[in-house]
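Chains as they are written, first to last, in the numbering used here: chain L, 9 to 218; chain C, 9 to 218.
Quick reminder that beta carbons are idealized off the backbone N, C-alpha and C, glycines included.
Just below is one structure, and these are the notes that go with it.
Number of protein chains: 2
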Amino acid sequence: MRADAQRNAEKLRAAAAELFQERGLKVPLKEIARRAGVSHGTLYNLFGTREALIDEVVTGLAADRLDEAAEHALSFEKAGEGFAYYIEKVCELQATDPAVADVVSGRFPAAECLMAICGRTQNAATRIIERAQQAGAIRQDFTGEDLLVFFGTNALLARAVADTAPDAWRRQVAFLLEGLHTEPAQAPLSVAPLTPQQMYDVMGKLAGTP
Amino acid sequence: MRADAQRNAEKLRAAAAELFQERGLKVPLKEIARRAGVSHGTLYNLFGTREALIDEVVTGLAADRLDEAAEHALSFEKAGEGFAYYIEKVCELQATDPAVADVVSGRFPAAECLMAICGRTQNAATRIIERAQQAGAIRQDFTGEDLLVFFGTNALLARAVADTAPDAWRRQVAFLLEGLHTEPAQAPLSVAPLTPQQMYDVMGKLAGTP
DNA sequence: AGTATTCTTGACCCGGGGGTCAACTTCCCG
DNA sequence: CGGGAAGTTGACCCCCGGGTCAAGAATACT
Chain L
9 MRADAQRNAE
19 KLRAAAAELF
29 QERGLKVPLK
39 EIARRAGVSH
49 GTLYNLFGTR
59 EALIDEVVTG
69 LAADRLDEAA
79 EHALSFEKAG
89 EGFAYYIEKV
99 CELQATDPAV
109 ADVVSGRFPA
119 AECLMAICGR
129 TQNAATRIIE
139 RAQQAGAIRQ
149 DFTGEDLLVF
159 FGTNALLARA
169 VADTAPDAWR
179 RQVAFLLEGL
189 HTEPAQAPLS
199 VAPLTPQQMY
209 DVMGKLAGTP
Chain C
9 MRADAQRNAE
19 KLRAAAAELF
29 QERGLKVPLK
39 EIARRAGVSH
49 GTLYNLFGTR
59 EALIDEVVTG
69 LAADRLDEAA
79 EHALSFEKAG
89 EGFAYYIEKV
99 CELQATDPAV
109 ADVVSGRFPA
119 AECLMAICGR
129 TQNAATRIIE
139 RAQQAGAIRQ
149 DFTGEDLLVF
159 FGTNALLARA
169 VADTAPDAWR
179 RQVAFLLEGL
189 HTEPAQAPLS
199 VAPLTPQQMY
209 DVMGKLAGTP
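Below you can see the structure in the form of structure tokens.
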């Protein structure tokens with residue numbers, strides 16, 4: 009690769025990182041090129057697809073932050089506190105970085121590496137939930153799918169409130185956590201959790217509009 | 009108005025009612041015209057704006073259904089049950105009719121009549137909440153704005169799950185209701201409710217993407 | 001029936017985003 | 001330092017949705 013191409017790729021990566029973080033993974037590619045001070049043809053030439061760009065610029069960071077949150081959640085002595093920490097932390101990541109929000113909401117433009125993160129997050133969520141359930145801290149019928157659905161809606165919510173009341177999403181999180189404690193009644197749920205296949209469909213559509 | 013124009017208007021109203029209900033208030037106008045078997049020019053000629061069409065076809069029905077839900081909620085003897093009924097009912101309306109969901113999520117293309125409904129719903133929600141709070145059934149710091157935010161996310165969620173697990177939203181509703189009961193601890197919320205102005209911004213953006 | 005009025009049509013304009021490619025520029029190496 | 005390879009550019013294509021309007025079709029009135 010020639011030296012100037014290398015430089016352009018770097019400029020594009022920088023611009024993409026900025027814009028993805030500011031506005032999510034769906035920013036127009038032409039706008040990324042514009043901010044990089046480069047023709048959009050060059051972007052297509054160097055990266056080919058939006059997914060490739062995402063993978064180089066977002067995937068690693070997002071994966072690290074999500075993995076770290078999961079790890080830390082599992083290190084709490086009290087499983088219930090780890091569970092609460094995890095939810096708050098992931099929601100916070102979503103709120104402060106639309107790119108992460110898009111990653112968690114899964115399968116954006118079907119970038120392969122993103123799917124991997126999604127799966128890892130799903131697994132981590134399930135482990136954290138089961139640990140809390142075994143400790144008797146939260147209701148038994150809450151599932152990893154439930155949590156991912158919540159993350160999906162939280163992504164939308166956090167983006168919607170970002171310019172207005174950047175912490176507004178915390179209220180909803182609090183209500184959810186309150187609803188998951190074991191102390192009170194705990195009426196049985198009348199609807200089954202989503203299957204993995206259903207999760208795939210649903211999260212894709214939830215993300216589809218923004 | 010000429011007879012054929014009358015007929016066309018009727019065909020357009022019918023098509024619009026169908027499509028709004030199937031896919032929400034943002035369906036392309038050209039598609040409505042297509043389904044009505046009429047040129048899109050005619051649609052613009054007869055109705056001028058999307059808002060006018062919405063007002064003739066959706067507004068009344070949506071208002072009726074929402075008002076009825078509110079009324080019925082206030083007729084419960086136990087305020088807490090009325091509250092739960094109201095949330096379930098509104099969410100159900102949203103789930104079975106994307107048009108209603110868009111109406112509740114407020115301020116679509118700024119149709120005047122829709123704003124009126126929005127205000128009425130906000131008021132109704134507040135009354136129902138306060139009644140439940142006076143009965144000691146739900147936590148004191150839950151507000152009408154909180155509920156509308158929840159409706160906003162539920163609209164997205166319900167639409168996202170519609171083809172896959174049309175009742176999936178009920179789980180989230182259940183978690184919310186569980187979190188609002190008075191029995192357990194009730195940690196104070198660390199974030200203030202939205203102001204009415206903030207609500208306006210937020211709900212507009214939440215609806216913006218889909 | 002014939003004319004005046006009202007309506008309808010569909011081609012056309014716009015802007016936005018995705019994507020391609022021939023012609024041009026820049027680089028690098030012999 | 002010159003020429004071939006590598007890279008860049010921006011005009012161009014697509015589709016989509018909103019919106020307009022001159023020309024033509026349909027109706028209603030006399």
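Would residue 168/C and residue 99/C be called neighbours here (beta carbons separated by less than 8 Å)? no
When the Cα atoms are used, what is the spatial distance from residue 62/L to residue 141/L? 36 Å
Residue 131/C versus 171/C, 82/C, 178/C and 86/C, residue with shortest Cα-Cα distance: 82/C
Between the alpha carbons of residue 193/C and residue 147/C, how many angstroms are there, rounded? Bear in mind that a pLDDT of 49 at residue 193/C, under 50, signals an unreliable position, so the model cannot answer this.
What are the boundary residues of the alpha helix (DSSP H) that residue 84/C is part of? Neither: residue 84/C is in no alpha helix (DSSP H) and is coded neither H nor E.
Span separating the alpha-carbon of residue 91/C from that of residue 152/C: 12 Å
For residue 161/C, return the contacting residues in chain L, with the cut-off set at a CB-CB distance below 7 Å. 161, 164 and 165
Step through the CB atoms of chain C and report whether any lies within less than 8 Å of the CB of residue 96/L. no
Check each candidate in 22/L, 108/L, 84/L and 10/L and name the one with the smallest Cα separation from residue 42/L. 22/L
Buried or exposed, going by whether 16 or more other CB atoms sit within 10 Å of the CB of residue 198/L? The pLDDT assigned to residue 198/L is 45, lower than 50, so where the model puts this residue is not dependable; a value taken from the coordinates is nonetheless given after this. Exposed, by the Cβ-count rule.
Check the C-beta distance from residue 177/C over to residue 103/C and give it rounded, since I have them as a contact under 8 Å. 6 Å
Give the residues of chain L in contact with residue 184/C, contact being defined as C-beta atoms less than 8 Å apart. 183, 184 and 187
Please confirm if residue 9/C has its CB atom under 8 Å from at least one CB of chain L. no
Pick out whichever of 162/C, 143/C, 53/C and 158/C has its Cα sitting closest to the Cα of residue 174/C. 162/C
Measure the C-alpha to C-alpha separation of residue 17/L and residue 29/L and round it to an integer number of angstroms. 18 Å
Per DSSP, the bridge partner or partners of residue 189/C: 146/C
Give me the Cβ distance between residue 67/C and residue 122/C, rounded to the nearest whole Å; I'm assuming they're in contact under 8 Å. 6 Å
Just confirm the distance between the C-beta atoms of residue 112/L and residue 134/L, as a whole number of angstroms; I'd bet it's less than 8 Å. Incorrect: roughly 15 Å between the Cβ atoms, too far for contact.
Grouping DSSP H, G and I as helix and E and B as strand, with all else coil, what is residue 165/C? helix
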